[in-house]
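Protein chains in written order, with my numbering: chain Y, 1 to 225; chain Z, 226 to 977.
Comments concern the structure below.
Right, dumping it as structure tokens:
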């Protein structure tokens, strides 16, 4: 049996093709999901890919959260479906209140495309199981509005409950609170991060293959489970 | 102008009021050109017709000053069995094997980028992407060749961050990786920045689309963004001059880009093409609907009947002439069979792209445009598309050309001690034109689509086309205004040679050329001489290298007052890699690898970075052009890459071997120790062409040396990769940290 991982395409999604390639390389079956369609086609997990949904002319992800597909995704995620939001997908998950906090403009006010070191802090999620606790990996960050923010109390609570999944090793490149690069929900099935694991699956086209673990984690567990 | 109190200026009214004065001069037409229009039509043109001719016969659209010279690109083209479509189409199309074709083109957006840097540069990206899309290809990457005034000039601080921000905004949101380009500074570009954008697209052979409307009764569909008052410089003139300016206010003439709409348009067009619903297609760029209707009808040898009042508007007050001239972005025009219209519109609706049937193809051979039922245009389409005037402008070698050539840099004081050479290297490496470009390039997404194998600061961008076979392409752009000022014929060839060499350095086989010819006013005989010499040089160079020109763009009038920019042909070269896994990068990443300099070094400092940075000197002769040596080096590099003999390869050009070695050390994170086989200053800073520095995989030295001999390429073993310094034995050593500090802090210090 092969794990079926849905990849949602919103108008303006850009890294949907890359996410599908990563799922395939990890041994899963990538299932395209269209923003305007209802239903999740019976997938075992969902990736919300990077891009500029609806141009992100309003707040990033603010319009995408109202797409028809989200009406099915939100309850499924609350019921435990593994969901990974990458970059714009992370922004959408925050806008949909599936994840705490918000993403705002980079502190340097410019778009950043850079390969950098990330530390995996929580290996208990369906997306990070294949990493060792504290493992340092290299991923691609490419975003203009990637600064993660939340209230101090919320941040403290998230730290207490181990909801910070990945952190920038060498300081925040974009003004993110506590160098946070990605977080999970309380249950752990929904994960969002700004750096792109799907761009780090092959040394030929990225900084290495450190990112593949996000996809193998989910695919392996779904098959086993 | 259009719907004034008496209604629009119809064809009938134009015929009846032949002596009404018209503002042709304000629209940029000469009185001879205006008389020619009257003669062709047998009456005065209507306002709408005048609008069409004024934009279609502009320098930008008609190439009236350049056309007779550009013919050389076709006349002298080397035999090539890889060209599927050539000059005259929206972009040239090259067969790269395995059923794939690649289309690529570079185009200028210089003037808008000076007026409004952010939107000017953004819409430059959008425009070239639609050219590629119109050929039926999926756009897969962009590059930008940028030139500005002095790096520390206040206006550069306004223009450069805006241009880079605009490219970043548009390209990133559109989802196209930016894989390379150029950044150069020179006082001649103050007030005349050059913003040249290149796009490359990939398709299967059978997906090729052409701009032709045929099949009487087929429908004309306008789709994409609504039409607004963008970029209507001329029409406002028409309005205010002929009707007192009541209707149209003066509007900003730079267009505004919407990359989200462009992304939808890309996906929508590709789906329409795949569904077989497109009989002909054209993007709307300069001259908007005027150009698209005239060129489609002319291309298909047909006629077209269009209802201008059916065009969906963003600003309902626009009149017919303004609609014709609007340069609103993110619009396409397609021809579809009547039975396919419903499916066509459904696909557009799925992508939320507005689409409207605005007319149909006719057999009449006329372009007939109506406005609420009244005929406002009735012309033969070819008279607008290709019937414009062609000028043989006077060209004269500038008076100062000989004095410039005589001002030889040989007389300049040169560094000689190890300490002086070391200081000269660091000063060059920290000059804005040679400094690290990360400040710019990290604002661009290079990773999207997951097929980027090499990107800046590598010599060429490399893209994977087929994931299974590894088939891919390499692309580089180059230009050197200083060389061209000293000798435009040789300078154009040197730009070609450098781009060709950059592509070859990755292991790719160069196959085709595009160009963007940036010059001052063609009405200045000195500029025209620079132009004709450059075109002749480029055409001859392409013939010698076996790489045909597939298309390009001319940008004249890059000048402030009497002061023109340096003649700056920017040349893009496309290469093919049978397997991108065999590509070679520039960094010294493998300690122990032998460092070899390919090619012959002569004392050539005219127009060199050293002469300019150390002495502010520009004079003498540019480096000798040695195209047979370029060809030999390229074929050697391809063979060596295929055999896996190379650990690194880097083109030697601006700043000479000194800069090439420093860049390779910094990119790979390892130093090197070299001994120079002759005068150290000459070896370090000369800019002799046809040279590449390579690192040979340990154990392959003998095989590589044999290959060099077999290809007739001079090869000098300089030393070995390793250590943490760039060391020239017996002269100086510079730790990598010190190189990095000199190289990396420059642009951030200038631009924040």
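Where a beta carbon is used, it is the ideal one built from N, C-alpha and C, also for glycine.
Quick one: Cα of residue 88(Y) to Cα of residue 199(Y), how far? For the purposes of this step, residue 88(Y) is taken as residue 88 along the first chain, with counting starting at 1. For the purposes of this step, residue 199(Y) is taken as residue 199 along the first chain, with counting starting at 1. Distance between the alpha carbons of residue 88(Y) and residue 199(Y) is about 14 Å.
Rounded separation between residue 35(Y) and residue 7(Y) - CA only: Within the first chain, the letter at position 35 stands for residue 35(Y). Within the first chain, the letter at position 7 stands for residue 7(Y). Across the structure, residue 35(Y) and residue 7(Y) are spaced so that their CA atoms are roughly 10 Å apart.
Given this structure, state the Cα-to-Cα distance separating residue 420(Z) from residue 773(Z), to the nearest angstrom. Indexing the second chain from 1 puts residue 420(Z) at position 195. Indexing the second chain from 1 puts residue 773(Z) at position 548. Looking at the two C-alpha atoms, the distance is approximately 24 Å.
Members of the segment 690 to 719 of chain Z that neighbour chain Y once the beta carbon cut-off is set at 7 Å: Residues: none.
Inter-residue spacing [alpha-carbon to alpha-carbon] between residue 64(Y) and residue 710(Z): On the first chain, residue 64(Y) is found 64 positions in, with the first residue counted as 1. On the second chain, residue 710(Z) is found 485 positions in, with the first residue counted as 1. For residue 64(Y) and residue 710(Z), the distance between alpha carbons rounds to 53 Å.
Hey, could you find the ends of the alpha helix (DSSP H) residue 550(Z) is sitting in? Looking up residue 550(Z) in the second chain gives position 325. Taken as a continuous stretch (DSSP letters only), the alpha helix (DSSP H) holding residue 550(Z) covers 545 to 550.
Mind checking if residue 488(Z) is an interface residue toward chain Y, Cβ cutoff 8 Å exclusive? By 1-based counting over the second chain, the position of residue 488(Z) is 263. The C-beta of residue 488(Z) comes closer than 8 Å to at least one C-beta of chain Y.
Could you tell me whether the segment 737 to 756 of chain Z touches the segment 291 to 299 of chain Z, using the rule of 3 or more Cβ pairs below 8 Å? With the cut-off at 8 Å, the segment 737 to 756 of chain Z and the segment 291 to 299 of chain Z touch.
I'd like the span of the alpha helix (DSSP H) that includes residue 558(Z), first residue to last. Position 333 of the second chain, counting from 1, holds the residue named residue 558(Z). Residue 558(Z) -> not in any alpha helix (DSSP H); beta strand (DSSP E) instead, spanning 556 to 561.
Using a Cβ cut-off of 8 Å, pull out every chain Y residue sitting near residue 577(Z), in sequence order please. Position 352 of the second chain, counted from the start, is the residue given in the question as residue 577(Z). Residues of chain Y passing the Cβ test: 11.
Among 639(Z), 761(Z), 696(Z) and 445(Z), nearest to residue 904(Z) - alpha-carbon criterion: On the second chain, position 679 is the one that residue 904(Z) refers to. Nearest Cα to residue 904(Z) within the set 639(Z), 761(Z), 696(Z) and 445(Z): 639(Z).
8 Å Cβ cut-off: residues of chain Z touching residue 206(Y): If you number the first chain from 1, residue 206(Y) lands on position 206. Against chain Z, the beta carbon of residue 206(Y) has neighbours under 8 Å at 672 and 675, listed in chain order.
Run through DSSP, which three-state label would residue 150(Y) get? Looking up residue 150(Y) in the first chain gives position 150. It is coil, neither helix nor strand.
How many Å lie between residue 466(Z) and residue 248(Z) at the Cα? Taking the first residue of the second chain as position 1, residue 466(Z) is located at position 241. Taking the first residue of the second chain as position 1, residue 248(Z) is located at position 23. Note that residue 466(Z) scores 43 on pLDDT, short of 50, meaning its location in the model is unreliable; the coordinates nonetheless yield the value given after this. Cα atoms of residue 466(Z) and residue 248(Z): separation of roughly 6 Å, rounded to the nearest angstrom.
Own chain partners of residue 883(Z) with C-beta closer than 7 Å, once the 5 adjacent residues on each side are dropped: Stepping through the second chain from its first residue, residue 883(Z) is reached at position 658. Apart from the 5 residues on each side of it in sequence, residue 883(Z) sits with its Cβ closer than 7 Å to the Cβ of 650, 653, 909 and 910 in its chain, given in chain order.
What separation, rounded to the nearest whole angstrom, lies between the Cα atoms of residue 798(Z) and residue 764(Z)? Counted from its first residue, the second chain places residue 798(Z) at position 573. Counted from its first residue, the second chain places residue 764(Z) at position 539. It is roughly 14 Å from the alpha-carbon of residue 798(Z) to the alpha-carbon of residue 764(Z).
Cα-Cα, which of 606(Z), 452(Z), 575(Z) and 299(Z) is closest to residue 771(Z)? The count along the second chain starts at 1 and reaches residue 771(Z) at position 546. Comparing Cα positions, the closest option is 299(Z).
I want to see whether chain C comes within less than 8 Å of residue 806(Z), judged by CB atoms only; does it? Reference to chain C is not applicable here, since the protein chains of this structure are Y and Z.
Using 8 Å as the Cβ pair cut-off and three pairs as the minimum, do the segment 413 to 427 of chain Z and the segment 373 to 385 of chain Z touch? Put simply, the segment 413 to 427 of chain Z touches the segment 373 to 385 of chain Z. At least three CB pairs are less than 8 Å apart.
Compare the C-beta of residue 398(Z) with all C-beta atoms of chain Y and state if any pair is closer than 8 Å. The count along the second chain starts at 1 and reaches residue 398(Z) at position 173. At least one C-beta of chain Y is nearer than 8 Å to the C-beta of residue 398(Z).
With residue 782(Z) and residue 745(Z) assumed to form a contact (beta carbons below 8 Å), what rounded beta-carbon distance in angstroms separates them? The residue labelled residue 782(Z) in the question sits at position 557 within the second chain. The residue labelled residue 745(Z) in the question sits at position 520 within the second chain. Residue 782(Z) to residue 745(Z), Cβ: 7 Å. Contact.
Taking a contact to mean a Cβ-Cβ separation below 8 Å, would you say residue 609(Z) touches residue 521(Z) in this structure? Position 384 of the second chain holds residue 609(Z). Position 296 of the second chain holds residue 521(Z). Taking 8 Å as the cut-off, the beta carbon of residue 609(Z) is found no closer than this to the beta carbon of residue 521(Z).
Could you name the residues of the segment 239 to 271 of chain Z whose beta carbon sits closer than 9 Å to any beta carbon of chain Y, in the order they occur along the chain? Those would be none; no residue qualifies.
Using the beta-carbon count (16 or more within 10 Å), is residue 957(Z) buried or exposed? As a position in the second chain, residue 957(Z) is number 732, starting the count at 1. Residue environment for residue 957(Z): buried (at least 16 other C-beta atoms within 10 angstroms of its C-beta).
Meets three-Cβ-pair contact criterion under 8 Å: the segment 940 to 958 of chain Z and the segment 840 to 855 of chain Z: Touching, no.
Taking the runs of the alpha helix (DSSP H) that are 4 residues or longer, which of them lie wholly in the segment 639 to 711 of chain Z? If we require 4 residues or more, the alpha helix (DSSP H) runs fully inside the segment 639 to 711 of chain Z come out as 643 to 654, 663 to 666 and 706 to 711.
Here's a check: name, in chain order, each residue in its chain whose Cβ is nearer than 7 Å to the Cβ of residue 208(Y), leaving out the five neighbours to either side. As a working note, residue 208(Y) is residue 208 in the first chain. Correct list, in chain order: 138 and 200.
For residue 110(Y) and residue 635(Z), the rounded distance between their alpha carbons: Residue numbering aside, residue 635(Z) sits at position 410 when the second chain is read from its first letter. Residue numbering aside, residue 110(Y) sits at position 110 when the first chain is read from its first letter. Answer to the nearest angstrom: the Cα atoms are 45 Å apart.
Closest by C-alpha distance to residue 961(Z), when choosing among 591(Z), 894(Z), 672(Z) and 441(Z): As a position in the second chain, residue 961(Z) is number 736, starting the count at 1. Out of 591(Z), 894(Z), 672(Z) and 441(Z), 894(Z) has the C-alpha closest to the C-alpha of residue 961(Z).
With distances taken Cα to Cα, identify the nearest neighbour of residue 485(Z) among 46(Y), 27(Y), 41(Y) and 60(Y). On the second chain, residue 485(Z) is found 260 positions in, with the first residue counted as 1. Of 46(Y), 27(Y), 41(Y) and 60(Y), the residue nearest in Cα terms is 60(Y).
So with CB distances below 8 Å, who are the chain Z contacts of residue 41(Y)? For the purposes of this step, residue 41(Y) is taken as residue 41 along the first chain, with counting starting at 1. Within chain Z, no residue comes near residue 41(Y); the closest Cβ sits about 18 Å away, beyond 8 Å.
For the segment 111 to 187 of chain Y, list the alpha helix (DSSP H) runs that are entirely contained and at least 4 residues long, ordered along the chain. You should have 152 to 160.
For residue 411(Z), which three-state DSSP category applies? If you number the second chain from 1, residue 411(Z) lands on position 186. Residue state for residue 411(Z) is assigned as coil, using DSSP reduced to three classes.
Run of the alpha helix (DSSP H) containing residue 88(Y), from where it starts to where it stops: Locating residue 88(Y) in the first chain gives position 88, where the first residue counts as 1. From DSSP, the alpha helix (DSSP H) with residue 88(Y) extends over 88 to 95.
Could one say the Cβ of residue 168(Y) lies closer than 8 Å to chain Z's Cβ atoms, at least one of them? The sequence position of residue 168(Y) within the first chain is 168, counting from 1. So no, residue 168(Y) is outside the interface.
In whole angstroms, what is the alpha-carbon distance linking residue 859(Z) and residue 726(Z)? As a position in the second chain, residue 859(Z) is number 634, starting the count at 1. As a position in the second chain, residue 726(Z) is number 501, starting the count at 1. C-alpha separation (whole angstroms): 7 Å.
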